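Q:
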Amino acid sequence: DIQMIQSPSSLSASVGDRVTITCRASQSITTYLSWYQQKPGEAPKVLIYAASSLQSGVPSKFSGSGSGTDFTLTISSLQPEDFATYYCQQSSRTPYTFGQGTKLEIK
Amino acid sequence: QVQLVESGGGVVQPGRSLRLSCAASGFTFSNYAMHWVRQAPGKGLEWVAVISFDGSNRYYTDSVKGRFTISRDNSNSMLYLEMNSLRGEDTAVYYCARVGTDGYNYFHYWGQGTLVTVSS
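Chains as they are written, first to last, in my numbering: chain A, 271 to 377; chain B, 3 to 122.
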């Protein structure tokens, strides 16, 4: 199985900050990598797919990069609604594994 | 608009069975692979199973192989997850999800989830 390691597990930041979350795959997944945002009590929402493609309707403050095994999600100019948990997920081969999540909290 | 509505969750004793359903609307159901993803209370997301658009291929995470069966009814736009021999570690919110259209198998649309609690 492909393991997805996210870092950090938690992150404290202030409104207006720019943050970066990283995700590393245990083997190459080319660009079969997506990022999700989840708020308490809600289903996840896709932000980025194919490593760097912004899902329609998602603000351009979210951006993704990487290929192979190393990926990043960057969120610029944090707003209160951005404080949530973020997950990466590989869809290169089954089982389609998720990272353990990064909880973004307000400082 | 795309809508996925799960049902069938509840409290069940260890070793018993439960069937989850997911009603799909707003798209041509028979054109898309469908997935089940779960989330234990306070934990992260775990992919459970996938079924191809025509039901000919099914894959499962190891922890549910031999106990869970994913199926679909394309004529009624329904997705199912038959769960047998349930264990405490199967306690979770179960989401059905539809992939996107770009061939990258990401989860574009999600249902609201249905909670399964396995407890005596």
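Where is the CB? At the ideal position from N, CA and C, for every residue including glycine. Since the model is a prediction, treat every value here as computed from it, not as a measurement.
Within this structure, are the beta carbons of A:Tyr302 and A:Lys315 separated by less than 9 Å?
A: Sequence index remark: in the first sequence, residue 302 of chain A carries index 32 (1-based). Sequence index remark: in the first sequence, residue 315 of chain A carries index 45 (1-based). Not closer than 9 Å, so no.
Q: Consider the Cβ of B:Glu91: report whether some Cβ of chain A lies at a distance smaller than 9 Å.
A: Position 89 of the second sequence, counted from the start, is the residue given in the question as residue 91 of chain B. It does not: the Cβ of B:Glu91 has no partner Cβ on chain A nearer than 9 Å.
Q: Would you say B:Ala25 and B:Trp38 are within 9 Å of each other, going by their C-beta atoms?
A: Counting from one through the second sequence, the residue named residue 25 of chain B turns up at place 23. Counting from one through the second sequence, the residue named residue 38 of chain B turns up at place 36. In this structure, B:Trp38 does not lie closer than 9 Å to B:Ala25 by Cβ.
Q: Excluding the five sequence neighbours on either side, which residues of its own chain have a C-beta within less than 7 Å of the C-beta of A:Phe353, listed in chain order?
A: Against the first sequence, residue 353 of chain A aligns to sequence position 83. Here the set comprises Leu374, Glu375, Ile376.
Q: Check the Cβ of B:Thr63 against every Cβ in chain A and list those closer than 7 Å, keeping chain order.
A: Position 61 of the second sequence, counting from 1, holds the residue named residue 63 of chain B. Neighbours of B:Thr63 on chain A, chain order: Pro365.
Q: In its own chain, which residues sit with a C-beta less than 8 Å from the C-beta of A:Thr339, not counting the 5 before and 5 after it?
A: Position 69 of the first sequence, counted from the first residue, corresponds to residue 339 of chain A. Result list for A:Thr339: Arg294, Ala295, Ser296, Gln297, Ser298, Ile299, in chain order.
Q: Less than 9 Å separating the beta-carbons of B:Leu20 and B:Gly12?
A: Working through the second sequence from its first residue, we reach residue 20 of chain B at position 18. Working through the second sequence from its first residue, we reach residue 12 of chain B at position 10. For B:Leu20 and B:Gly12, yes; Cβs fall inside 9 Å.
Q: Anything in the stretch 290–323 of chain A with a Cβ closer than 7 Å to a Cβ of chain B? List those residues in chain order, please.
A: Tyr302, Ser304, Ala313, Pro314, Val316, Tyr319, Ala320
Q: Under 9 Å, Cβ to Cβ, is there at least one residue of chain A near B:Tyr96?
A: Taking the first residue of the second sequence as 1, we reach residue 96 of chain B at position 94. It does not: the Cβ of B:Tyr96 has no partner Cβ on chain A nearer than 9 Å.
Q: Tell me the residue span of the beta strand (DSSP E) that contains B:Arg74.
A: The residue given as residue 74 of chain B occupies position 72 in the second sequence. From DSSP, the beta strand (DSSP E) with B:Arg74 extends over 70–75.
Q: Does A:Ile318 pass the burial test, meaning 16 or more other C-beta atoms within 10 Å, or should it be called exposed?
A: Within the first sequence, residue 318 of chain A is the residue found at index 48, counting from 1. In the assembly as shown, A:Ile318 is a buried residue. Its beta-carbon has 16 or more other beta-carbons within 10 Å.
Q: Cα separation between A:Ser280 and B:Phe109?
A: In the first sequence, the residue the question calls residue 280 of chain A occupies position 10. In the second sequence, the residue the question calls residue 109 of chain B occupies position 107. Roughly 23 Å separates the two Cα atoms.
Q: Return the bridge partner residues of A:Phe332 from the DSSP annotation.
A: Taking the first sequence and counting its residues from 1, one reaches residue 332 of chain A at position 62. Answer is A:Ile345, bridged to A:Phe332.
Q: Within the same chain, show all residues whose beta-carbon is closer than 6 Å to that of B:Gln41, passing over the 5 residues directly before and after it, in chain order.
A: The sequence position of residue 41 of chain B within the second sequence is 39, counting from 1. For B:Gln41, where only same-chain residues beyond five positions count, the Cβ hits under 6 Å are Leu47, Ala94, Val95.
Q: Can you round the beta-carbon distance between A:Ile275 and A:Thr367 to whole angstroms, since I take them to be within the 8 Å contact cut?
A: On the first sequence, position 5 is the one that residue 275 of chain A refers to. On the first sequence, position 97 is the one that residue 367 of chain A refers to. Going by Cβ atoms, the distance from A:Ile275 to A:Thr367 rounds to 10 Å, so no, they are not a contact pair.
Q: Residues of the stretch 95–121 of chain B with a CB closer than 7 Å to any CB of chain A: list them in chain order, please.
A: Contact annotation: in the stretch 95–121 of chain B, residues whose CB is within less than 7 Å of a CB in chain A are Tyr97, Gly102, Asp104, Tyr106, Asn107, Tyr108, Phe109, His110, Trp112, Gly113, Gln114, Gly115.
Q: Quick one: what does DSSP say B:Asp92 is sitting in, helix, strand or coil?
A: Start at 1 with the first residue of the second sequence, and residue 92 of chain B comes out as number 90. B:Asp92 falls in the helix class under three-state DSSP.
Q: At a CB-CB cut-off below 7 Å, which residues of chain B make contact with A:Ser361?
A: Sequence index remark: in the first sequence, residue 361 of chain A carries index 91 (1-based). Those are Tyr106, Asn107, Tyr108, listed as they occur along chain B.
Q: Tell me which same chain residues have a C-beta within less than 7 Å of the C-beta of A:Ser337, skipping the five on either side of it?
A: Stepping through the first sequence from its first residue, residue 337 of chain A is reached at position 67. Thr300, Thr301, Ala321, listed in sequence order.
Q: In whole angstroms, what is the alpha-carbon distance linking A:Gln360 and B:Val101?
A: Taking the first residue of the first sequence as position 1, residue 360 of chain A is located at position 90. Taking the first residue of the second sequence as position 1, residue 101 of chain B is located at position 99. Between A:Gln360 and B:Val101, the C-alpha separation is close to 13 Å.
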